[in-house]
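A.B. asks: Residue numbers (UniProt numbering): 1 to 219.
1. According to DSSP, is residue 101 helix, strand or coil?
2. On the DSSP letters alone, give me the boundaries of the beta strand (DSSP E) that residue 196 sits inside.
3. Using beta-carbon positions only, say whether residue 177 and residue 71 come within less than 8 Å of one another.
4. Tell me which same chain residues have a C-beta within less than 8 Å of the C-beta of residue 53, skipping the five on either side of it?
5. Suppose the cutoff is 6 Å on Cβ atoms and the five residues either side in sequence are ignored; what does the same chain contact list for residue 106 look like?
6. Going by beta carbon distance, what residues of the same chain come within less than 6 Å of residue 74, once the five residues before and after it are set aside?
7. At 4 residues or longer, what runs of the alpha helix (DSSP H) sit wholly inside the UniProt domain "STAS" (140 to 219)?
8. CB residue 35 to CB residue 5, shorter than 8 Å?
9. By the 10 Å Cβ neighbour count, where 16 or more other Cβ atoms means buried, how is residue 76 classified, buried or exposed?
10. Assuming the contact rule is C-beta atoms closer than 8 Å, residue 14 and residue 32 should be a hit. Round their C-beta distance to whole Å, please.
11. What residues in its chain sit with their C-beta under 6 Å from that of residue 146, if we drop five residues either side in the sequence?
12. If we call anything under 8 Å between Cβ atoms a contact, is residue 25 one with residue 60?
13. Please tell me whether residue 161 and residue 202 are closer than 8 Å, where the distance is taken between their beta carbons.
14. Could you check if residue 186 is buried or exposed, using at least 16 other CB atoms within 10 Å of its CB as the buried criterion?
15. If I measure Cβ to Cβ from residue 224 and keep anything under 7 Å in the same chain, skipping five residues before and after, which residues do I get?
16. Considering only their Cβ atoms, is the gap separating residue 92 from residue 50 smaller than 8 Å?
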């Protein structure tokens with residue numbers, strides 16, 4: 001497996017060729033750690049030239065997703081239709097957004113947000129403010145809108161927040177950073193950030209990545 005780096009539209013592109021199936025796939029971890037330049041990295045992994053991918057390769061992609069998310073960064077993948085279908089089959093489309101070409105990726109990231117507002121319904125349950133999210137957050141600009149809204153609530157004195165994600169099907173790397181940062185800030189203020197309404201797939205992702213150790217999952 002060979003890895004090279006270039007840059008497009010402010011994103012570091014990791015071009016990978018060869019097999020993405022064996023233990024050498026683990027080299028991607030160290031390569032990304034050594035080469036990311038930004039404190040909030042924006043990463044595009046180009047897998048269009050790989051020969052194949054198996055569960056080992058998929059596990060590396062999940063690790064990269066978590067690693068980038070914890071740094072408040074963003075991760076996208078370019079792959080052939082067969083790879084995109086495999087990611088969907090394994091329910092990874094819930095966390096990793098994929099594109100079939102650089103052109104479609106650039107078009108997506110350059111599209112301006114339709115609004116600065118976050119679509120949600122709000123109500124109180126005891127000491128908790130329940131935020132029922134009514135939209136997906138698929139791009140970095142979307143996650144930044146949510147972050148701005150959450151931190152505005154925290155700054156106004158709200159200390160116990162529950163994000164109802166019943167209508168949310170995707171948790172991309174950008175959201176990991178938003179959730180983690182908000183949860184840690186609330187903890188310092190002796191508050192709490194919770195989530196509820198997770199699908200089984202998303203709950204499994206929370207547990208697998210350790211998000212459940214910083215964010216309380218309410219049933």
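Idealized CB from N, CA, C, for every residue including glycine. Fair warning: this is a prediction, and the values are worked out from it, not measured in the lab.
C.D. replies: A quick look at the data gives this:
1. Counting from 1 along the chain shown, the entry for residue 101 is found at position 101. Correct three-state label for residue 101: coil.
2. One-based indexing of the chain shown puts residue 196 at position 196. First-last of the beta strand (DSSP E) with residue 196: 192 to 196.
3. Here the question's residue 177 lines up with position 177 in the chain shown. Here the question's residue 71 lines up with position 71 in the chain shown. With a cutoff of 8 Å on beta-carbon distance, residue 177 and residue 71 are scored as near each other.
4. The sequence position of residue 53 within the chain shown is 53, counting from 1. 20, 21, 47, 83 and 86.
5. If you number the chain shown from 1, residue 106 lands on position 106. Excluding positions up to five away in sequence, the list reads 9.
6. The residue given as residue 74 occupies position 74 in the chain shown. So the list reads 42, 140, 173 and 174, once near-sequence residues are dropped.
7. Unbroken alpha helix (DSSP H) stretches of 4 residues or longer found wholly inside the UniProt domain "STAS" (140 to 219): 140 to 155, 173 to 188 and 200 to 209, given in chain order.
8. Position 35 of the chain shown, counted from the start, is the residue given in the question as residue 35. Position 5 of the chain shown, counted from the start, is the residue given in the question as residue 5. Cβ distance < 8 Å, so residue 35 and residue 5 count as in contact.
9. Position 76 of the chain shown, counted from the first residue, corresponds to residue 76. Result: buried.
10. One-based indexing of the chain shown puts residue 14 at position 14. One-based indexing of the chain shown puts residue 32 at position 32. Indeed they touch by this definition, with Cβ atoms about 7 Å apart.
11. To locate residue 146, count along the chain shown from 1; it is residue 146. Closer than 6 Å at Cβ, skipping near neighbours: 118, 137 and 178.
12. Counted from its first residue, the chain shown places residue 25 at position 25. Counted from its first residue, the chain shown places residue 60 at position 60. Yes, the pair counts as a contact, with Cβ atoms nearer than the cut-off.
13. Position 161 of the chain shown, counting from 1, holds the residue named residue 161. Position 202 of the chain shown, counting from 1, holds the residue named residue 202. No. Outside cutoff.
14. As a working mapping, residue 186 is identified with position 186 in the chain shown. With 16 or more other Cβ atoms within 10 Å, it is buried.
15. Residue 224 is absent from the model: the chain starts at 1 and stops at 219.
16. If you number the chain shown from 1, residue 50 lands on position 50. If you number the chain shown from 1, residue 92 lands on position 92. Cβ distance not < 8 Å, so residue 50 and residue 92 don't count as in contact.
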